Every structure is written in structure tokens, then in C-alpha cells.
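J.:
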Amino acid sequence: MSQYLLSIYQPYGETMDQFPDPDFLAPIIRDVTALKEDMHRQGVWVFDGGLHAPTTATVLRPQGEDVLTTDGPFAEAKEHLGGMTVIDVEDLDAALAWGERLARATTLPVEVRPFQ
């Protein structure tokens, strides 16, 4: 078994700190909850979590002998890491299958990467 990170990317916009319309969000919450329950049932779920907006980040950057602390985000981008799930599956094909299901449930891009 190998662990994979399923990274969920969200669009960055002016209304990031506001929740989407409840009618839009309800089916997504339903589908993500069902997927998470299936991950638990099949024993592949290790960890998951959502992140606050990039504006809440703090960046620590080494600079000589010091470490400079600045407000985030680290990089300006059109999308940001909004959440993640770690799974433990047999191989990349299994990880991609779970990643596809997560992309469909969230309606967002999902990046699948193996841990070393």
C-alpha cells in the first residue's frame, strides 16, 4: 500500500471569504460526505482537511541567519490549495480512481501525488 495526497484546488476570487450559495453547495456537501464515508468503509482514508483562504497564511522565508515572516499567500495564483485528503491504496491507478471521484464530488480540480 502507498499513500497519496489528493489536493483540491479552488479558484481565487474577490468573494473567497464568502460561502457559495447554499443551493449550489448542498449537492457538493452531499457528494463529498458520501465519498468520505465510502473511503472509510473501504479502509483507504488516512486524513483530510479544508483550509482557510490564502489571505490567512503566514509565510516564513529563510534570509541569511534570520527567518522573515510575511503575510501570505506564498505565491499569487488564480487557484489555491483549498483542502486535501490522504489515502492509502495499492497503486497509482487506485489513487487516480479516488481522485476522479473527489474531483466529481467537489466539482474542482484535484491533483494526485504519491508520498515518498
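For the sequence shown, the working numbering begins at 104 and goes up steadily by one.
Note that the Cβ used here is the ideal one computed from N, Cα and C, for glycine as well.
Since we're looking at a predicted model, the values are computed, not measured.
#1: Can you have a look at P130 and say buried or exposed, based on whether 16 or more other CB atoms are within 10 angstroms of its CB?
#2: Whose C-beta lies closer than 6 Å to the C-beta of I132 among residues of the same chain, with five residues either side of it excluded?
#3: Quick one: what's E182 bridged to in DSSP?
#4: In this structure, how does DSSP classify M104 when only helix, strand and coil are distinguished?
#5: Relative to the C-alpha of T159, which residue among G185, D194, L128, P217 is closest?
T.: Taking the definition as stated:
#1: Taking the first residue of the sequence shown as position 1, residue 130 is located at position 27. Its Cβ having fewer than 16 others within 10 Å, P130 is exposed.
#2: Numbered from its first residue, the sequence shown carries residue 132 at position 29. Within the same chain, I132 has no close Cβ partners at all.
#3: Locating residue 182 in the sequence shown gives position 79, counting from the first residue. Looking at the DSSP assignment, E182 forms a beta bridge with P114.
#4: Numbered from its first residue, the sequence shown carries residue 104 at position 1. In this structure, M104 counts as coil in the three-state DSSP scheme.
#5: Residue mapping note: residue 159 aligns to position 56 of the sequence shown, counting from 1. The candidate whose alpha carbon is nearest that of T159 is G185.
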